[in-house]
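Enquirer: Here's a structure for you.
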Amino acid sequence: MVKDGDPSWKPTFIVKPDSGCQGDGIYLIKDPSDIRLSGTLQSRPAVVQEYICKPLLIDKLKFDIRLYVLLKSLEPLEIYIAKDGLSRFCTEPYQEPNPKNLHHIFMHLTNYSLNVHSGNFVHSDSTSTGSKRTFSSILYRLSSKGVDIKKIWSDIISLVIKTVIALTPELKVFYQSDIPAGRPGPTCFQILGFDILLMKNLKPILLEVNANPSMRIEHEQELSPGVFENVPSLVDEEVKVAVIRDTLRLMDPLKKKRESQSQLLGKSLASKENPPHSDLASASQGNANPDAHLPSICLKQVFPKYAKQFNYLRLVDRMANLFIRFLGIKGTMKLGPTGFRTFIRSVRPAPSGWGSGSLETSLTSGWPLLPDCPWENL
């Protein structure tokens, strides 16, 4: 691999155990053969990625961003992103990877669960200092240096939407194989934790997506050797409480019912000549907006708000809809002979006289479909 026209440049790789969490078992290598020598892939499957060696630094430290994304609905697709997040810092000044510092986890890995054990980790009562800060404090600092914050947010929103669009087809198939469309079922949602790294050129890079991000708002503080106490974290509380509160406000199953009742009550009041200060009118006005006393929503809708810009990417989503349409049997993930024959009758992708066996053979052997396939019938 050659980078920036330098033939001597060789990438560094980061190895992440597939079943790991909280930074456990992550390490860096220069030579891919080191994986085979360590026997990692045989004993514990892992994901191997090129290590991003030119991150943006703050106070000479590498950091990443944890942003919370609410997947409110799969069909129709609704995505919300929190306006603030966490910035988690390494605790050792950053240097580009070399054979001497590959094992310096406090320099290269931003995981809170690792760095909290460093002697340099700083618990702060401020949201803009310490080893864990709010993302908004980082943006404010960058803005003061003339950085285009709107561009950073635009790139992050694009990254989030593209990632969720890539995830939803499989999620939709799993969901609707158990709860077919049109049948009563639970209203589901998911809070995802997006880990993002800002490059030196301010381009956001997705590191990973966590399906079960931690929502703890406290940390352990050692009072004396072996004696710990749970202490609230101001940064975690400010970010996570808002995310959970607003998720519940958006997902409230009774909200729609209350709004409907409020509308009916309003019409009823308008049709009657009640005294201006009647008890009923006062009660109605007092309950018109039960969320009025709460802070403004921190979750911003990004889809379908920006759907027009990204709908061209939903090809796999449409394929998933096709699969679901012909699945037919609740609880299965395989398209059986009956579903396949129904598919053939619906799209007629082969000349008359072809049976389902002939068509299945042509598809599995890699033959191209005929150009006049009437897919518009779908």
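Residue numbering for the sequence shown follows full-length UniProt numbering, starting at 1 and increasing by one per position.
Yeah, the Cβ is synthetic: ideal placement off N, Cα and C, and Gly gets one too.
(1) What do you get for D64, buried or exposed, if any count of 16 or more other CB atoms within 10 angstroms of its CB means buried?
(2) In its own chain, which residues sit with a C-beta less than 8 Å from the C-beta of D18, not counting the 5 before and 5 after it?
(3) Residue 383 and V231: beta carbons closer than 9 Å?
(4) Compute the beta-carbon to beta-carbon distance between L61 and C90, rounded to the nearest angstrom, for a pair I have assumed lies under 8 Å.
(5) When you compare the CB positions of I35 and I29, do they come within less than 9 Å of one another, or not?
(6) Please state whether DSSP places G339 in a helix, a strand or coil.
(7) Can you find a heavy atom of the ligand MN that lies under 8 Å from the Cβ of I52?
(8) Distance check for L142 and R198, CA to CA, integer angstroms please.
(9) In chain order, which beta strand (DSSP E) runs of at least 3 residues are fully inside the region 173-228?
(10) Once the 5 residues before and after I138 are set aside, which same chain residues still bring their CB inside 6 Å of it?
(11) Within 10 angstroms of its Cβ, does L77 collect 16 or more other Cβ (buried), or is it exposed?
(12) Could you tell me whether the region 188-206 touches the region 144-164, where touching means 3 or more Cβ pairs closer than 8 Å?
(13) Compare the beta carbon distance of I179 and V69 with 9 Å and say whether it is the shorter of the two.
(14) If you measure between the beta carbons of I52 and K172, is that distance less than 9 Å?
(15) Let me know if Q285 comes out buried or exposed under the rule of 16 or more other beta-carbons within 10 Å of its beta-carbon.
(16) Within 10 Å of its beta-carbon, does T187 have 16 or more other beta-carbons around it, so buried, or fewer, so exposed?
Expert: Looking at the coordinates:
(1) Your numbering for residue 64 matches position 64 in the sequence shown. The residue in question, D64, is buried, as its Cβ has 16 or more Cβ neighbours within 10 Å.
(2) In the sequence shown, residue 18 corresponds to position 18, counting from 1. So the list reads R44, P45, A46 and V47, once near-sequence residues are dropped.
(3) The displayed coordinates of the chain run from 1 to 378. Any statement about residue 383 would go beyond what the structure contains.
(4) Taking the sequence shown and counting its residues from 1, one reaches residue 61 at position 61. Taking the sequence shown and counting its residues from 1, one reaches residue 90 at position 90. By a beta-carbon distance limit of 8 Å, L61 contacts C90. Their separation comes to about 5 Å.
(5) Against the sequence shown, residue 35 aligns to sequence position 35. Against the sequence shown, residue 29 aligns to sequence position 29. Yes, these two residues count as a Cβ contact at 9 Å.
(6) Position 339 of the sequence shown, counting from 1, holds the residue named residue 339. In this structure, G339 counts as helix in the three-state DSSP scheme.
(7) As for the ligand MN, it is missing from this structure, which has no ligand bound.
(8) Walking along the sequence shown from the start, residue 198 turns up at place 198. Walking along the sequence shown from the start, residue 142 turns up at place 142. Residue 198 is actually Leu in this sequence, not Arg. Approximately 12 Å, taken between the alpha carbons.
(9) Restricting attention to beta strand (DSSP E) runs no shorter than 3 residues, the region 173-228 encloses them at 190-198, 204-210 and 218-224, ordered along the chain.
(10) Taking the first residue of the sequence shown as 1, we reach residue 138 at position 138. Close CB contacts of I138 within its chain, under the 6 Å cut and outside five residues either way in sequence, are with S87 (chain order).
(11) As a first step, residue 77 must be located in the sequence shown, where it is residue number 77. Flag for L77 reads buried.
(12) Contact holds: three or more Cβ-Cβ distances are below 8 Å.
(13) Here residue 179 corresponds to residue number 179 of the sequence shown, with the count starting at 1. Here residue 69 corresponds to residue number 69 of the sequence shown, with the count starting at 1. Cβ atoms of I179 and V69: not closer than 9 Å.
(14) Within the sequence shown, the letter at position 52 stands for residue 52. Within the sequence shown, the letter at position 172 stands for residue 172. Contact check for I52 against K172 fails: the beta carbons are separated by 9 Å or more.
(15) Counting from one through the sequence shown, the residue named residue 285 turns up at place 285. Because the pLDDT of Q285 is 43, which lies under 50, any placement of that residue in the model is unreliable, and the number read from its coordinates should be weighed accordingly. Burial check for Q285: the Cβ neighbour count within 10 Å stays below 16, so the residue is exposed.
(16) Here the question's residue 187 lines up with position 187 in the sequence shown. Looking at its Cβ environment, which holds fewer than 16 other Cβ atoms inside 10 Å, T187 is exposed.
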